[in-house]
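Following: one structure in C-alpha cells, then a few remarks.
Chains as they are written, first to last, in our numbering: chain H, 94 to 525; chain E, 94 to 525.
Here's what the structure looks like:
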C-alpha cells in the first residue's frame with residue numbers, strides 16, 4: 094500500500110475535541126430547548142436527486158451545489174440547506190399532522206470560495222412550524238429563539254423584526270417592481286448597519302438607479318414608528334396587511350413574555366426572495382459586529398414547488414458557528430478538550446481495582462471520570478490530566494480505602510485534601 | 094419554476110419524528126456514557142480527498158465509495174467509515190496527547206445494493222483509544238460498551254471476545270498463510286451461528302480447499318477452553334501471545350466488574366484484516382438473530398498508512414440501526430413522534446396568556462410542553478394531542494387561575510382532575 098499524505102480539503106475542517114465538545118454541549122442545549130417547545134427532530138439524507146434541489150436557490154445557488162453522477166448514473170447533489178429537504182418531506186407525507194413542528198441540526202454543503210469564517214461544509218440548525226397561518230406561530234419562533242439564548246446563558250440580545258409585505262408595499266410605491274430590482278434595493282438597505290446611511294444612498298442611486306425623491310422616500314419609511322405605518326401606507330393592501338401583522342406579532346410577543354427582546358427594525362430585509370411576512374434577525378448586544386446569530390421568517394411557495402397546494406410555514410435558523418464563537422468569547426463555553434470532571438489516578442497494579450471501583454461509583458453519581466489506561470508513573474498521569482485540562486485528580490490507595498477516604502488534588506492550586514467519597518461526590522456535583 | 098416530483102434516492106431514507114426522536118434519545122444517552130468515561134467528541138468532514146480513503150477498505154470497498162470530481166476538479170469521496178478519517182486526524186496532529194480517546198457519531202456513505210436493513214447512508218458510532226498498548230485500553234472499551242447498554246436499560250447481553258493472534262497461529266498451523274486464504278477461512282467460521290457446524294465443514298472443504306484433518310483441527314481449536322490454549326499452541330509465538338492477551342483481558346474485565354457480560358468465543362473472527370489483537374462482538378440475549386450490536390477490537394497499521402510511525406489503537410463500534418430496532422422491540426424506547434410530555438390547551442383569546450404562562454412555568458421546571466399555535470376549538474387541540482401521542486392535556490381558564498389550579502386530562506383514560514400547578518409539576522416529574 095503506498096503512503097498517502099494525510100490532508101484536508103480546502104474549505105473543510107476537523108472539529109478537534111477542544112472545539113467539538115463545546116459545540117456538542119451547545120447543540121444539546123439547543124435541541125432540548127426545541128423539544129421543550131414540542132418541536133420534533135427530523136433527519137433527511139445528505140444526498141438528494143439534483144432536480145429536487147435545483148432552481149430553488151437562484152442561479153448562484155445552483156452553481157454552488159456539490160452535484161455529480163452516482164455509480165448508477167443518477168444526477169445527485171449534497172443538500173444545500175435544510176429548508177428545501179423539509180419542503181420535500183412535507184410534499185411526500187400528506188399524512189403529517191399539522192401544524193408540523195420540526196427541528197433539524199445537520200451539516201450542509203456549498204462549493205463557495207472559502208474565506209474567513211466561510212466553509213464548504215457547515216452546520217445548520219433550523220426550527221420550523223409548517224401548516225399554520227396564525228401569527229402565534231411567528232411569535233412562537235421568536236419565543237423558542239429567546240429560550241435557546243437564555244438557556245445558553247445569554248440575556249442581552251435583541252430580535253429585530255420586520256415584515257416583508259411592508260417592504261413590498263414600500264418598493265411598489267417607488268416603482269421598484271421586478272424581483273431583481275427589489276432584491277437589489279433590499280440588499281443595499283441590508284448594508285445599512287455595515288456601511289452607513291450615506292453609502293447606502295450612493296448605492297441606491299448608482300447601482301439601483303433610484304431617483305433622489307425615491308431614496309428620500311425610502312429613508313422616510315425606514316424612520317417610521319410602527320404606529321405610523323398604517324397611515325403612511327394608506328391605500329396599499331400589502332402595506333395595511335404588513336402593518337397589521339407587525340402589530341399583532343408584537344402584541345403576541347408581549348403575551349409570551351419576550352417583548353423585552355423584540356424590536357421593530359424596518360431595515361431588516363433578509364436576502365432570500367421566498368419570505369412573505371414576518372422576518373427576523375437576532376443580535377448579541379455584547380458584539381453586534383459578528384452579525385445575526387439567529388434569523389428567519391414566514392415563507393411560502395416552497396412546498397408548492399413539488400406540486401399540490403401550498404402550505405404556509407415560519408421558521409428560525411441558528412448561525413451555529415457564529416453563536417459558538419460568541420459563547421466562547423463571552424466565556425459561556427470553554428474549550429476544554431476532555432469531558433471528564435475528574436481523573437482517578439492509579440497508584441499500583443495491586444491498588445488499581447480500588448481506582449476503577451471509585452471511578453464507577455463516581456460515574457453512577459453522574460460524574461464524568463477519566464482514568465489513564467495502564468499503570469504509568471503518577472507523574473505521567475498528572476501530566477495527562479494537566480494537558481487535557483482536567484482540573485481535579487483523586488487518588489485512592491489501600492490506606493485511604495481502609496479509612497473510607499480519598500485524596501483530592503486540585504491541579505490549579507496544587508492543594509490536597511482528604512475526604513470521604515460522599516463528600517467528594519457532593520463537592521463535584523455542586524460545581525456541575 | 095417547473096414542478097418537480099418530490100422523491101428520495103434509493104437506499105436513502107428520511108428519519109421521521111417517530112423514528113428520529115427515539116434515535117436522538119438513544120444517541121444522547123450513548124454520547125453521555127462515552128463522555129462519562131472521558132472520551133471526547135471529534136468531528137471530521139463528510140468529504141475527503143479520494144486518495145486518503147482509497148485502498149483502505151479492499152477492492153470491494155473502493156468500488157463502494159461515492160467518488161466524484163468537485164467543482165475544482167479535485168478527486169473527492171464521501172467518507173466510508175469513521176476509522177480511516179480518525180487515522181488521518183491522528184497523522185495530521187502529532188501534538189495530540191496520548192492516549193487519545195475520542196468518539197464520533199456520524200453518517201457514512203456506501204454505494205451498496207440496497208436491501209432489507211441495508212442503506213447507502215447510515216450512522217456509525219465509534220469509540221477508540223489511540224496510543225495505548227496496555228490491555229486495560231481493550232478492557233475499557235468493553236466496560237464502556239457495557240455501560241452504554243446498561244444506561245439504555247439493557248441488562249441481558251454478552252460480549253463474545255477472541256484474539257486475532259490465536260486465529261493467525263491456528264491458521265498457520267494448518268498452512269493457511271496468504272491473507273486471502275485466511276480471510277476466506279475466517280469468513281466461513283464467522284457463519285457458524287447462522288448456518289451451523291456441518292455446513293461450515295462443507296464450506297471449508299469445497300470453497301477453501303482444506304483437508305479433512307485441517308478441518309478437524311480447526312474444530313478442535315474452536316472447542317478449547319481458554320486455559321487449554323497455551324498448551325495447544327506450544328511453540329507458537331503468536332499462539333502464546335494471543336493466549337496471554339486473552340487471559341489478561343479477562344482478568345481486567347473482572348477488575349472492572351464487567352466479567353459477567355464477557356465470554357470467550359474462539360469462533361469470533363471479524364471480517365476486516367486490520368485487527369491484530371482482541372476482537373469483540375456483542376449480542377442481546379433477547380434476540381441474538383439480529384446479530385452483533387457492538388463490535389471492534391485492537392488494530393494497527395492504519396495511522397502508518399499516512400507515513401511516520403504506527404500508533405496502536407483499540408475501539409468498539411455500535412450498530413446504531415440494529416440497536417435502535419432492538420430497543421424499540423424490547424419496549425425500552427417508544428415511537429412517539431412528539432417530545433412534549435403534555436399539551437397546554439387554550440380556552441379563548443382572553444385566557445390565552447394564562448395558557449402560555451403555564452407553559453413557561455412547566456418548561457422552567459424541565460417539562461417539554463406543546464401548545465397549538467392559534468386558537469382552534471378545543472376539540473381540534475385534543476385531536477392534535479391524540480395524533481401526536483401526547484398523553485396528557487392541561488387546561489387553565491380564569492376560574493382555575495383564580496383558585497391557583499389547573500385541570501389535567503388524561504388522554505388514554507379520559508379522566509380529569511383538578512390540582513395545583515406544583516402538584517402537576519411533581520406528578521409529571523415523577524414519570525420522567
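We treat Cβ as the ideally placed atom computed from N, Cα and C, and that holds for glycine.
Within chain E, the residues placing a beta-carbon under 7 Å from that of residue 227 of chain H are 466 and 467, ordered along the chain.
204, 214, 222, 225, 227, 229 and 230: these are the residues of the segment 204-230 of chain E whose beta carbon lies less than 7 Å from some beta carbon of chain H, given in chain order.
For the set H/188, H/379 and H/373, the Cα lying nearest the Cα of residue 387 of chain H is the one of H/373. For residue 474 of chain H, no Cβ of chain E is located within less than 8 Å of the residue's own Cβ. Boundaries of the alpha helix (DSSP H) around residue 125 of chain E: 110-129. Below 8 Å, too few C-beta pairs join the segment 391-411 of chain E and the segment 303-319 of chain E to call them touching: fewer than three. By the neighbour-count criterion, in which 16 or more other beta carbons inside 10 Å mark a residue as buried, residue 149 of chain E falls on the buried side. Cβ neighbours of residue 502 of chain H within its own chain (closer than 6 Å, five residues either side excluded): 486 and 509. Looking at E/116, E/198 and E/100, the one whose alpha-carbon comes closest to that of residue 127 of chain E is E/198. About 7 Å separates the CB atoms of residue 230 of chain E and residue 192 of chain E; that is less than 8 Å, so the two are in contact. Residue contact check for residue 487 of chain E against chain H: no CB pair falls below 8 Å.
Ranked by Cα distance from residue 101 of chain H, the first of E/422, E/142 and E/469 is E/142.
For residue 332 of chain H, the uninterrupted alpha helix (DSSP H) run begins and ends at 330-348, by DSSP. Collapsing the DSSP output to three states places residue 228 of chain H in a helix. Residue range 285-299 is occupied by the alpha helix (DSSP H) that includes residue 286 of chain E, with no beta strand (DSSP E) assigned at that position. The beta-carbon separation of residue 280 of chain H and residue 361 of chain H, rounded to 13 Å, does not stay under the 8 Å limit for a contact. For residue 266 of chain E, no Cβ of chain H is located within less than 8 Å of the residue's own Cβ. For residue 341 of chain H, the closest Cβ of chain E is not nearer than 8 Å.
Residue environment: residue 178 of chain E is assigned as buried (16 or more neighbouring CB atoms within 10 Å of its CB, all protein chains considered). Contact between the segment 322-342 of chain H and the segment 257-264 of chain H is present: 3 or more CB-CB pairs across the two stretches fall below 8 Å. Per DSSP, the continuous beta strand (DSSP E) segment holding residue 197 of chain E begins and ends at 193-202. In chain order, 269, 274, 277, 278 and 281 place their CB closer than 8 Å to the CB of residue 301 of chain E, counting only its own chain and leaving out the 5 sequence neighbours on each side. Between residue 135 of chain E and the set E/520, E/186 and E/343, the nearest pair of CA atoms involves E/186. In this model, residue 220 of chain E and residue 409 of chain E are separated by some 6 Å (Cα to Cα). In the DSSP assignment, residue 375 of chain E forms a beta bridge with E/252 and E/387.
By the CB criterion at 8 Å, residue 214 of chain E and residue 105 of chain E fall inside the cutoff. In chain E, no part has a C-beta under 8 Å from the C-beta of residue 484 of chain H; the shortest such distance is about 13 Å. Under DSSP, residue 513 of chain E takes part in a beta bridge, and its partners are E/498. Against chain H, the beta carbon of residue 144 of chain E has neighbours under 7 Å at 97, listed in chain order. Shown here for residue 444 of chain H: same chain residues with a beta carbon closer than 7 Å to its own, the five before and five after excluded, namely 490 and 491 in chain order. Residues of chain H whose Cβ lies closer than 9 Å to the Cβ of residue 400 of chain E are, in chain order, 96, 97, 98 and 99. At least 8 Å separates the CB of residue 291 of chain H from every CB of chain E.
Those residues of the segment 325-339 of chain E placed with their C-beta closer than 8 Å to a C-beta in chain H do not exist. Residue 435 of chain H has H/462 as its beta-bridge partners, per DSSP. Closer than 9 Å at the C-beta level to chain E, one finds these residues of the segment 165-189 of chain H: 165, 167, 169, 171, 178, 180, 181, 182, 183, 184, 185, 186 and 189. Its chain contains 405 as the residues whose beta carbon lies nearer than 7 Å to that of residue 226 of chain E, once the 5 sequence neighbours on both sides are disregarded; these appear in chain order.
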